[in-house]
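Each remark here refers to the structure printed beneath this line.
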Amino acid sequence: MRRLLLALWISQIAQCSCPPGFELVRDGECRGKYASIEEANKDAIKVATEKCGEIKGQPIIIHNEEHQTYWMNRALDERPPNIATAFIMIGLVCNISSKRYEWADGSSVDYRPPSDEGSAMDRDCEPRCVCDLSSKGLWDCGCSPPGVVTPHSHDLFCTTQSNQFPPLSDCESINDESSDGVCYQVGAISDSWQDAQATCQQRGGNLASIHNMQENSFIRRLAVTQGAVNGVFLGGTITGEANEFGWIDGTTWDFDNFYSGFPMRGAGDCIAMDTSTTNGQWMNVDCSSKLPIACIQTTTAPSSTCITGPYDEGSIISSPGFPFSASTPCDFFLTVEEGKKVELEMLFLEANTCCDYVTIYDGFLGGNIIANVTGEVSNAKYTTTSSNSMRVSWQPNGGVNVKGMQITFRGV
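Here the sequence shown stands for residues -16 to -1, 1 to 396, numbered as in mature numbering (1 follows the signal peptide of the UniProt record, and there is no 0).
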């Protein structure tokens, strides 16, 4: 019997690791436009720092050429068609003690633009100024005259780290019968089975798999204790073409607790537990149902070994170390029966857009590239044009502070 651990999950977690509209760029850092503010120059950077703090972030901070180039290009993207030069605010603040600029996070100005002659960085600063980066790569600090408080419009860009799931030790021990630990969690109502799975993944887990009656009873009691008395989503879904069910976490389907007559044809492709009865029996339901979530999270790190195949249709395939590590490259070779094409579903991808990529090939060798994928992606599908084989190449350049990918496939 696996050790049962409990962590109560009260609030629903956003599906994406980055705030809406932000891009996952490098080392798990999210960058994007957060708001527009109307402030006088003397107050602008203070307000900007407070606003970015709402998402645990900072205004634009530039420490190297990559930062400079990225934000200069963003300034170009923001430039209206009839404007020669565009400006975006950067997070330089005046240290009133040293009378020199520093960054809003307290770090020193250790990088300067290549063409920085006569820069404000070489002169005493004043706290009534705000600094911008131009689309030409220059830093410019504008200061309000003493006593003038005319507000100006500023587009506010922020940087923040992607959401990471809590450490495994956050699970509270319930039963120590063996060392093979898992953590079960019950969460808020989701909008669909897919949303429920994405939410579980943000906690480093998956919708729950169940392998014996003791686990089934435990989850049912846990759900009822937390008020989920009308059912919860489990991690079972139809896999492959045979309309057989499998677990999204990739574990063996070695137990079920369906009501008599279920799974029922046409009732749906996803599994839920009825928590209103003591037996906690299962039924297949529409995947767009709105139900609370039951998640499972292992308390031991998954293997970082690359396993290229073979894989059966409907298998849940993860990049090595998912979701705790994403640094190991791996090529996955997928096949379906002759005469069919391979349909790949990207269940979840979290990769730094600067460095980490998934390349999908039509065939194993010499085929066309179907897609190069990076950033944050979920539930996207890619299909070979004619081949019954596909190569999926996970190539991280560091894979820093991201989770990697999880995919499945079938023949069509």
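Using N, Cα and C, we set each Cβ at its ideal position, and we do this for glycine too. The model shown is predicted, which means the values in this text are computed figures rather than measured ones.
So, with DSSP's three-state summary, where would you put residue i?
| i | result |
| --- | --- |
| H136 | strand |
| F348 | coil |
| N356 | strand |
| W378 | strand |
| C127 | strand |
| W237 | coil |
| A207 | helix |
| K365 | strand |
| E110 | coil |
| C314 | strand |
| I222 | strand |
| Y168 | strand |
| G395 | strand |
| D27 | helix |
| S1 | coil |
| C339 | coil |
| A278 | strand |
| G37 | helix |
| E228 | strand |
| Y85 | strand |
| D154 | The predicted model places D154 with a pLDDT of 45, which falls under 50 and marks its position as unreliable; any figure quoted below should be read in that light. The answer is helix: DSSP assigns D154 an H, G or I state. |
Let me confirm a value: residue i is counted as buried when at least 16 other C-beta atoms fall within 10 Å, else exposed. Which label applies?
| i | result |
| --- | --- |
| H138 | buried |
| Y345 | buried |
| T261 | exposed |
| N95 | First, the amino acid is wrong: residue 95 is Tyr here, not Asn. So Y95 counts as exposed. |
| A83 | It is Lys, not Ala, that sits at residue 83 in the sequence shown. The residue in question, K83, is exposed, as its Cβ has fewer than 16 Cβ neighbours within 10 Å. |
| G383 | buried |
| P380 | buried |
| R107 | exposed |
| G219 | buried |
| K40 | exposed |
| F71 | buried |
| D116 | buried |
| M389 | buried |
Please identify the residue among the options whose C-alpha is closest to the C-alpha of residue i.
| i | options | result |
| --- | --- | --- |
| P43 | K83, R84 and Q145 | Q145 |
| Y341 | E322, F332, L328 and S377 | S377 |
| residue 403 | S288, L331, N352 and G264 | Nothing about residue 403 can be read from this structure; the chain reaches only from -16 to 396. |
| N48 | D238, A212, V132 and P97 | P97 |
| N352 | E360, D233, T69 and M374 | M374 |
| T143 | D11, K387 and T183 | D11 |
| V31 | Y243, A212, G347 and H136 | H136 |
| T236 | P247, T223, T358 and K324 | T223 |
| G126 | C36, W55, I29 and G37 | I29 |
| A364 | E327, V386, P313 and A335 | E327 |
| M248 | G264, N263, W231 and D270 | D270 |
Is residue i close to chain B? Criterion is C-beta to C-beta, closer than 7 Å.
| i | result |
| --- | --- |
| G41 | Looking at the structure shown, chain B is missing, and only one protein chain is on hand. |
DSSP puts residue i in a beta bridge; with which residues?
| i | result |
| --- | --- |
| Q198 | DSSP, once it has assigned bridges, lists no residue as partnering Q198. |
| K17 | F141 |
| M267 | A256 |
| G121 | Beta-bridge pairing links G121 to no other residue. |
| I46 | According to DSSP, which records beta bridges pairwise, I46 is partnered with nothing at all. |
Checklist line | Cβ pair count under 8 Å reaching 3, the stretch 267 to 283 against the stretch 177 to 193 | finding: yes
Notebook entry, point to check: Quick check: the stretch 58 to 70 against the stretch 104 to 124, are there 3 or more CB pairs under 8 Å?
Noted result: yes
Next item on the list: Take every Cβ of the stretch 209 to 216, pair it with every Cβ of the stretch 254 to 271, and state whether three or more of those distances are shorter than 8 Å.
Entry: yes
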